[in-house]
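The structure under discussion appears below in the form of structure tokens.
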Amino acid sequence: MSEQISIEKSLSDWWSRVKAGQVGALPAILGLLVLCIVFGSMSSVFLTPGNFANLLTQAAAVTVIAMGLIFVLLLGEIDLSAGYAAGVCGAILVVMITEMDYSWYVAFPVSVFAGVCLGGFIGYLVAQLKIPSFVVTLATFLAFQGLLLLIIGEGGTIRIEDPVILSIQNKNLTVLNSWLFFALAAGAYLLGGFWKFYKRRKAGLIDNLFKFWLIKALAMVAIGTLATSALTVERSNNPDLVSLRGIPYVVPVILFLLVGATFVLTRTSYGLHIYAVGGNAEAARRAGINVKMVRITAFMICSGFAAVAGMIFVSRANSISPTTGGSSTLLYAVGAAVIGGTSLFGGKGKVSDAILGGLVVAVIDNGMALLGYPAGIKFMVTGAVLLISATIDAVSRRGAVSS
Amino acid sequence: MAEPILSLRNLNKSFGPVHVLKDVNFNAYAGQVTALVGDNGAGKSTLIKCIAGIYTPESGDFIFEGKPVQISGPRDATALGIEIVYQDLALCDNLDIVHNMFLGREEKSGLTLNESAMESLAKKTLDGLSVRTVKSIRQKVASLSGGQRQTVAIARAVLWNSKVVILDEPTAALGVAQTEQVLKLVRQLADNGLAVIVISHNLNDVFQVADNIAAMYLGSMAAQVDKSSVSQNDVVRLITTGSAETVTGGKK
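Going line by line, the protein sequences match chains D and W.
So the first sequence is residues 1 to 403, counted in my numbering.
So the second sequence is residues 1001 to 1252, counted in my numbering.
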């Protein structure tokens, strides 16, 4: 009934897409591999399980900000204030827990809600008053920085001692739970894929990408197995005193966000409308899509993710400070999204780009620090990698249009 | 001639002091292609936008399938089964053919998009239009040629059991082969029983595809005539002078 298409065919389809400029995640994957090989050969510490776990927690906050940013970037807009939105929401969380004695399960939703409100404010200015998002968020970048200072107050830095918030970046799943978590995630991923292709086949549609997907899925499971084994190895220097094994709690948190956001973008009509508005806002308007609402909600989602990132920052630093979410945070997040393959021109990108790009940024940061390079070199290399990604984006865009 | 599916009687529309449509009468018939011709500024676009509900005329009757109707917005027109394909197509390059065809009116099962239902229906619609030029309906619109994009835009318009399809300059930006392909598609639409209204400046296209021709001149309907009763020169005179005398065959 349904036509079977050979694996060579689907691979050659994929290759012709690459040649046509739809490179997707390929440059980021290659880049990540090259970086890991280079740093691994130059530093004896880089490829150890301890550093791997460290890398994940280093990348976490920037990755989460980047995941939210992708909603805004897909519209062809930008949110320069997402970093400080994370700071403001982190500060709200810490002040509520430390100074007002609320529990984390009250304070955390409140901080996320505050983030959503900040995003709604930005989105309203962009969508309703038609101010360019670059200008609006440049203003809110300054304003949120001020807000952060005001919330923290005179003291400068506020410590947090809530065990649940701290555990996110400092504690790990037990070895058993790590493997259970991996099995659950891998099983759900495979079953979800099989279910999709099963439904297509039942509807009598050609599934030309099935074998291609199967290769990708098996590769993902293999990488997951490797990562889980590396993370379940004892990482402590002194195992008798403190044992340090298992997947850091932040990994399931990020995976949950990834699945949720990917579901929204690829399976719901709202997600389709985000891509449509980013591709051709006028066409979307004529198709009856409420373009303003899509814009406003995208900014709300972006700042909501920033609020989660704020919690991750707080958990890692055990405190909130006036510079949380500042300096290079936002630029790293935009860099992560673009390096992962999301276009700054709108309409092209996936939430998983943030993970890939976030890892690249963290690997550069981590690897160069291990090799003892000064911060100056680190920034220049990160800048160069971002520039390369933006070039690939711009060139592939030209290729896609001219074909 | 059969009863028109869509009939406009004495339509008037002004923009401030400018009287753009003056007592315009216009008919469209199911199963026929009606060409709407006229010089720039003759009022073609305004007439089309009145039909599509984008403009509301000051006076005039709107009769659809024999009953008077009120069209006060694009949604009313869509609800009656009137679809318009704009000159600039308004497709999203970054979405595939299926998503473009269903944009704004997606098939859903619960919260999620029903991709297989949309794909099947899109395939059926394209097959119904005898479209065989697209390789895969899951490819991005960016990778399509001009004629294929026009095909997708038209297929999008007929997906909804529409009864009247309005095409604004469907061949304006196309090469010879692609024009041929789109004109064949336009003919196919009418043969499938739809009333098709085509705005065009190209009289060769008009004479190839239309069953009857409505010519506008300075905001008035100069004449709506059967194609077989006129020559290309007659239509040129209608467009440039608005005079119907030559058409009735009086003098040369």
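Just so you know, even glycine gets a beta-carbon here, dropped at the ideal spot from N, CA and C.
Every value quoted in this text rests on a predicted model; they were computed, and no experiment measured them.
Anything in chain W within Cβ reach of D/Thr268, meaning under 7 Å, just list it in chain order.
The answer, in chain order, is Leu1111, Thr1112, Leu1113.
Within a Cβ cutoff of 6 Å, which residues of the same chain sit near D/Ala333, ignoring the five residues on either side of it in sequence?
Closer than 6 Å at Cβ, skipping near neighbours: Val62, Ile65, Ala66, Leu69.
Residues in the same chain with beta-carbon distance under 6 Å from D/Ser133, minus the five sequence neighbours each way, listed in chain order, please.
So the list reads Glu77, Ile78, Val126, once near-sequence residues are dropped.
Would W/Val1134 and W/Gln1148 be called neighbours here (beta carbons separated by less than 9 Å)?
In contact: W/Val1134 and W/Gln1148 (Cβ atoms closer than 9 Å).
Answer yes or no: do W/Leu1183 and W/Val1209 have a C-beta to C-beta separation smaller than 9 Å?
Yes; because the gap between Cβ atoms is below 9 Å, this pair is in contact.
Hey, how far is the Cα of W/Ala1077 from the Cα of D/Val106?
Whole-angstrom Cα-Cα distance: 50 Å.
Between the segment 1197 to 1204 of chain W and the segment 1033 to 1041 of chain W, are three or more C-beta pairs nearer than 8 Å?
A contact exists between the segment 1197 to 1204 of chain W and the segment 1033 to 1041 of chain W.
So, is D/Ser103 buried or exposed, given that buried needs 16 or more other C-beta atoms within 10 angstroms?
Label assigned to D/Ser103: exposed.
Rounded to the nearest angstrom, what separates D/His273 and W/Asp1093 at their Cα positions?
D/His273 and W/Asp1093: Cα-Cα distance of roughly 13 Å.
Should D/Ile320 and D/Ile152 be called a contact, given that it needs their Cβ atoms to be closer than 9 Å?
Contact flag set, yes.
If the cut-off is 7 Å on Cβ atoms, which residues from the segment 1038 to 1067 of chain W count as contacting chain D, listed in chain order?
Answer set for the segment 1038 to 1067 of chain W: empty.
What residues from chain W crowd round D/Leu166, counting only those whose CB sits closer than 8 Å?
Within chain W, no residue comes near D/Leu166; the closest Cβ sits about 35 Å away, beyond 8 Å.
Determine, using beta-carbon pairs with one atom in the segment 315 to 329 of chain D and one in the segment 50 to 62 of chain D, whether at least three such pairs fall under 8 Å.
Short answer: they touch.
Assign W/Met1221 to one of three DSSP states: helix, strand, or coil.
In this structure, W/Met1221 counts as strand in the three-state DSSP scheme.
Do you know offhand how far D/Phe39's Cα is from D/Gly50's?
Taking the straight line from one Cα to the other gives about 15 Å.
Closer than 8 Å, Cβ to any Cβ of chain W: which residues of the segment 279 to 308 of chain D, in chain order?
Listed by position, the residues of the segment 279 to 308 of chain D near chain W (Cβ gap below 8 Å) are Gly279, Asn280, Glu282, Ala283, Ala284, Arg286, Ala287, Gly288, Ile289.
Can you tell me whether D/Gly31 is buried or exposed? The criterion is at least 16 other CB atoms within 10 Å of its CB, across all chains shown.
Counting Cβ neighbours within 10 Å, D/Gly31 comes out buried, since at least 16 surround it.
With a 10 Å radius around its C-beta and 16 neighbouring C-beta atoms as the bar for buried, classify D/Ala37 as buried or exposed.
According to the sequence provided, residue 37 of chain D is Ile. The question's Ala does not apply to it. Result: exposed.
Please list the partners that D/Lys199 has in chain W, where partner means a Cβ-to-Cβ separation under 8 Å.
Under the 8 Å cutoff, chain W gives Ser1116.
How many whole angstroms separate the CB atoms of W/Leu1008 and W/Asn1025, which I take to be in contact at a CB cut-off of 8 Å?
The pair is a contact, with the Cβ atoms about 6 Å apart (cut-off 8 Å).
So W/Lys1013 is in the beta strand (DSSP E); what residue range does that whole segment cover?
1006 to 1015 is the extent of the beta strand (DSSP E) around W/Lys1013.
Quick check on the DSSP output: the beta strand (DSSP E) that includes W/Asn1161 runs from which residue to which?
W/Asn1161 -> no beta strand (DSSP E), and no H or E assigned at all.
Who pairs with D/Pro248 in a beta bridge, going by DSSP?
Answer is D/Asn172.
Name the one or two DSSP bridge partners that W/Gly1038 has.
According to DSSP, which records beta bridges pairwise, W/Gly1038 is partnered with W/Met1216.
Got a sec: which bits of the segment 1087 to 1109 of chain W sit with their beta carbon under 9 Å from any beta carbon on chain D, in order along the chain?
The residues in question are Asp1088, Leu1089, Ala1090, Leu1091, Cys1092, Asp1093, Asn1094, Leu1095, His1099, Asn1100, Phe1102, Leu1103, Gly1104, Arg1105, Glu1106, Lys1108.
Quick one: is W/Gly1119 near chain D, going by C-beta distance under 9 Å?
In the sequence as presented, Gly is not what sits at residue 1119 of chain W; that position holds Glu. It does: the Cβ of W/Glu1119 has a partner Cβ on chain D nearer than 9 Å.
Any beta carbon from chain D within less than 9 Å of W/Lys1123's own beta carbon?
Yes, W/Lys1123 counts as interfacial toward chain D.
Which first and last residues belong to the alpha helix (DSSP H) in which D/Gly271 is found?
Element bounds for D/Gly271: 269 to 279.
Please tell me whether D/Ile296 and D/Gly123 are closer than 9 Å, where the distance is taken between their beta carbons.
A contact, by the Cβ cut-off of 9 Å.
Is DSSP giving D/Ile131 helix, strand or coil here?
Coil.
Can you tell me which of the three DSSP states D/Thr63 falls into?
D/Thr63 falls in the helix class under three-state DSSP.
Under three-state DSSP, which class holds D/Phe46?
D/Phe46 falls in the coil class under three-state DSSP.
At what residue ranges does the segment 138 to 223 of chain D contain a whole run of the beta strand (DSSP E), taking only runs of 3 or more?
Entirely contained in the segment 138 to 223 of chain D, not one beta strand (DSSP E) run reaches 3 residues.
Any heavy atom of the ligand ZN closer than 8 Å to the Cβ of D/Tyr275?
Here there are no bound small molecules, and the ligand ZN is not part of this structure.
Applying the 10 Å Cβ sphere with the 16-neighbour rule, what's the burial state of W/Gln1178?
W/Gln1178 comes out buried.
Got a sec, what are the start and stop residues for the beta strand (DSSP E) W/His1019 sits in?
Run containing W/His1019: 1018 to 1028, per the beta strand (DSSP E) assignment.
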